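S.K.: Position one of the sequence shown corresponds to residue 1 (UniProt numbering), numbered consecutively onward.
Where is the CB? At the ideal position from N, CA and C, for every residue including glycine.
These numbers were taken from a predicted model, which means no experiment stands behind them.
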Amino acid sequence: MIKTGPLNLITDVDGIKIGNAEDAKVVTGVTAIIPDTAAIGAVDVRGGGPGTRETEALNPDCLVERVDGVVLSGGSVYGLEAASGTVAELARQGKGFNHKGIIVPIVPSAILFDMLNGGDKSWGEIPPYRQLGIEATRNLVKEFQLGNVGAGYGATEARYKGGLGSASLVTDNGVQVGAIAAANPVGSVLIPGTKSFWAWAFEQNGEFGDIGPPAFVEDMPLDLPAGSSLAENTTICVVATNVALTKSEARRVAVMAHDGIARAIRPVHTPFDGDSIFTLSTEKQELEEPRSIGLARIGAMAADCVARAIARGVYNAESLAGVPGFKSELFKD
Numbered sequence: 001m002i003k004t005g006p007l008n009l010i011t012d013v014d015g016i017k018i019g020n021a022e023d024a025k026v027v028t029g030v031t032a033i034i035p036d037t038a039a040i041g042a043v044d045v046r047g048g049g050p051g052t053r054e055t056e057a058l059n060p061d062c063l064v065e066r067v068d069g070v071v072l073s074g075g076s077v078y079g080l081e082a083a084s085g086t087v088a089e090l091a092r093q094g095k096g097f098n099h100k101g102i103i104v105p106i107v108p109s110a111i112l113f114d115m116l117n118g119g120d121k122s123w124g125e126i127p128p129y130r131q132l133g134i135e136a137t138r139n140l141v142k143e144f145q146l147g148n149v150g151a152g153y154g155a156t157e158a159r160y161k162g163g164l165g166s167a168s169l170v171t172d173n174g175v176q177v178g179a180i181a182a183a184n185p186v187g188s189v190l191i192p193g194t195k196s197f198w199a200w201a202f203e204q205n206g207e208f209g210d211i212g213p214p215a216f217v218e219d220m221p222l223d224l225p226a227g228s229s230l231a232e233n234t235t236i237c238v239v240a241t242n243v244a245l246t247k248s249e250a251r252r253v254a255v256m257a258h259d260g261i262a263r264a265i266r267p268v269h270t271p272f273d274g275d276s277i278f279t280l281s282t283e284k285q286e287l288e289e290p291r292s293i294g295l296a297r298i299g300a301m302a303a304d305c306v307a308r309a310i311a312r313g314v315y316n317a318e319s320l321a322g323v324p325g326f327k328s329e330l331f332k333d
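#1: Can you give me the Cβ contacts of Thr171 inside the same chain, cut-off strictly under 6 Å, excluding the 5 residues immediately before and after it?
#2: Terminal residues of the continuous beta strand (DSSP E) containing Glu283?
#3: Measure from the alpha carbon of Asn139 to the alpha carbon of each residue in Ile111, Val255, Val43 and Gly85, then state which is nearest.
#4: Identify the continuous alpha helix (DSSP H) that holds Thr137 and give its terminal residues.
#5: Of the choices Lys195, Thr11, Ser292 and Pro221, whose alpha-carbon is the least far from that of Pro214?
#6: Tell me the residue span of the beta strand (DSSP E) that contains Glu203.
#7: Would Ala311 be called buried (16 or more neighbouring beta carbons within 10 Å of its own) or exposed?
#8: Give the DSSP bridge partners of Gly124, in chain order.
#9: Among Asn173, Pro267 and Ala254, which residue has its Cα nearest to the Cα of Val45?
#10: Just how far apart, CA to CA, sit Pro221 and Ser188?
#11: Could you tell me which uninterrupted beta strand (DSSP E) segments, each at least 3 residues in length, are contained entirely in the region 21 to 72, listed from first to last along the chain?
#12: List, from N- to C-terminal side, the alpha helix (DSSP H) runs of 4 residues or more that fit wholly inside the region 230 to 316.
#13: Considering Val13, what are the terminal residues of the alpha helix (DSSP H) in which it resides?
#14: List the DSSP bridge partners of Gln176.
#15: Taking DSSP as the reference, what is the three-state secondary structure of Gly19?
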C-alpha cells in the first residue's frame, strides 16, 4: 500500500524541515530545505538555461557526500545569494562540516527567473536574497502553505500564476518520499483548451481540484510565449526520502524524478528552462534488497510526487501582480 503522508508535504520525510521567506515589494521569495542532520545529496539538471550553485560538488566522483541544506530561490542570478544567507545562518547555528573548528555548511541551490513579474527590482547594490535566505533558514517548520509562498511567490506558468507545491507518498513498510517544487515553467501545466492538469492521473484525494481528465481534446497546439528567451523560466525541485542511499543512488532518484516534471508540464526541459532536481536522503531506514528494485520504487514514487507537487503549486497559487491564479479562473466560461 502506498498513500500520501499525514501532511502530504515533503516534511512527511523524517528529518526534513522547510523555511520560506518572501518580499512582497520585489514579488519574489526563497525556500530553504534543511535536514535535521547533514543528508546524502545529489542533483540532476535537465533544463537548457540553469542557474545553480554547488551542483558540481554533488557529482558522484566528488568529495562532498552530505549537504546541510538546499535553497530554491527566485531572482535569477541575484537569487544565488540566498544560499549565502542560509550558509551564514546554519554556521551561526553550528551546523555544517567542521574543519579544524571552522564550520563550513554545504548548501547547493538553484534559481528561477521571476524578474518580469511587476515587482520592484530596483534594489541597488544590495539585492534582498541573502537576507531572505537567512529568514527562511531561521523559520523552519514541518507544515507550510502552498502557492504564493517562498520560491514560488513570484513564479508564473504559461497561462496562470505559478507557485510552490509539495506532495508525499509513504508505504506500509515505512518508506517515505516527498517532493517540493517551485513551478515557473515556460510550458503549461494544463492540457490545451481544457482546465485539466497534465498530472491528473497522479492526483491523490482531490489535492488539485479533482478535475480529472478532459472529455475530449480536439487540438494539441504547442504555443510558446512569443518573447521567450534563455533562462526566463524554470521548475526547480527537491525530492527527499528517509531511505539510506549512496550518492550515486540518490542521483538516479533525481534522474527518475525528472519524469514527474515531464508528466506535469508540456513542453519541458526546453532551452528556456533551467529545470533541476535535487535529492536528499536522510538515512533513517535501510534500502530494501535487492537494492536495484528498492531504488527503482523510490525513483518512481519521487516522479509521482514531483508531478503532483507542480500541479499543487499552480492550483494553490492566487492572482498576483496582474497574473491570474488558476482557481480564480476555474469556473469562468
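M.R.: In short, the structure shows the following:
#1: By the criterion of a C-beta distance shorter than 6 Å, Thr171 is surrounded in its chain by Ile2, once the five residues flanking it on both sides are discounted.
#2: Residues Ser276 to Gln285.
#3: Nearest Cα to Asn139 within the set Ile111, Val255, Val43 and Gly85: Gly85.
#4: Tyr129 to Arg138 is the extent of the alpha helix (DSSP H) around Thr137.
#5: Closest option to Pro214, Cα to Cα, is Lys195.
#6: Counting along the chain, Glu203 falls outside any beta strand (DSSP E), and DSSP gives it neither H nor E.
#7: The residue is buried, with at least 16 neighbouring Cβ atoms inside 10 Å.
#8: Gly124 is not bridged to any residue.
#9: Nearest C-alpha to Val45: Ala254.
#10: If you take the alpha carbons of Pro221 and Ser188, they lie about 11 Å apart.
#11: Within the region 21 to 72, the complete beta strand (DSSP E) runs of at least 3 residues are 28 to 35 and 39 to 45.
#12: Counting only runs of 4+ residues, the alpha helix (DSSP H) found wholly inside the region 230 to 316 occupies 247 to 264 and 291 to 316, in chain order.
#13: Counted as a single uninterrupted DSSP element, the stretch harbouring Val13 is not any alpha helix (DSSP H), since DSSP gives it neither H nor E.
#14: Val170, per the DSSP bridge assignment.
#15: Collapsing the DSSP output to three states places Gly19 in a strand.
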